[in-house]
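Report on one structure; see the data block that follows.
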Amino acid sequence: MTGAAAGPWVIELADVGTVACEAMLRDYYVEVSDRWHRLRHGRDSTPEEIETGLPRMRSDDLAPPTGAFVVARSAVDASVLAGCVGLRRLRDDEGRRVAELRRLYVRPENRGAGLGSALLLCAEEIARVWGVSALRLDTRLDLVEARALYRRHGYVEVPAFTDGPYAEVWYAKVLRADDIR
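In this note's numbering, the protein residues as written are 900 to 1080.
Here it is, written out as structure tokens:
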């Protein structure tokens, strides 16, 4: 763990469209894309693959009224972003309000200090304030660290609820048991 990883950090709502947030989302995309290509092709993503894929990673709905975007920002230097998580408001197949967790990411130099857990817990609290019954997400099998984080926080595998090309496993966590029929 580096000195930067120790914080202190401020976790707060942010505008997903700012230059700093877009840079963070680009770092996220490059990392997950590189991991995908290493596993399947034995190489990192090409610049063309990044530039083609990045615009397809929609994030504009991680802002009011359809969502929220949260960042972990250095308490010493507000320009330093260490991690992020997005939430998207949805309705499930039965019409219940749910939220979808998107783009949970901690920069490599800030990992190992609990920042991923802190961002996840903050996202859960926002979802509770929204009054959703469950928080759900899809991810890839090769993102083992993320999957372990979700399981540690009570997320369980559920049947597929999306059909995206990179969705390989789906998780959910009930937030309001009284809303579940």
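Heads up, the beta-carbon is just placed ideally off N, CA and C, and yes, glycines get one too.
Anticipated Cβ contact below 8 Å, residue i with residue j, distance rounded
i       : j       : result
Asp1041 : Thr1061 : Between Thr1061 and Asp1041 the Cβ distance is about 17 Å, and since that is not below 8 Å, they are no contact.
Arg972  : Leu924  : Not quite, the Cβ-Cβ distance comes to about 15 Å (not below 8 Å), so this is no contact.
As assigned by DSSP and simplified to three states, the class of residue i
i       : result
Tyr927  : helix
Gly966  : strand
Ala869  : This structure leaves residue 869 out entirely; the chain is present only between 900 and 1080.
Glu1067 : coil
Leu1074 : coil
Leu953  : helix
Leu938  : helix
Leu961  : coil
Leu1048 : helix
Nonlocal neighbours in the same chain, by C-beta distance under 6 Å from residue i, ignoring five residues either side
i       : result
Val915  : Ser958, Leu961, Ala962 and Phe968
Val1057 : Trp1069 and Ala1071
Cutoff 7 Å; reference residue i; Cβ partners in own chain excluding five residues on either side
i       : result
Arg1050 : none
Arg942  : His936
Asp991  : Val997
Contact set for residue i: own chain, Cβ-Cβ below 8 Å, skip 5 residues either direction
i       : result
Ala1026 : Leu986, Ala998, Leu1034 and Leu1074
Glu947  : none
Under 8 Å, with one C-beta from each stretch per pair, do the stretch 1022-1038 and the stretch 990-1007 reach the 3-pair mark? yes
Restricting to runs no shorter than 4 residues, where is the alpha helix (DSSP H) found entirely within the stretch 972-1038? 1014-1029
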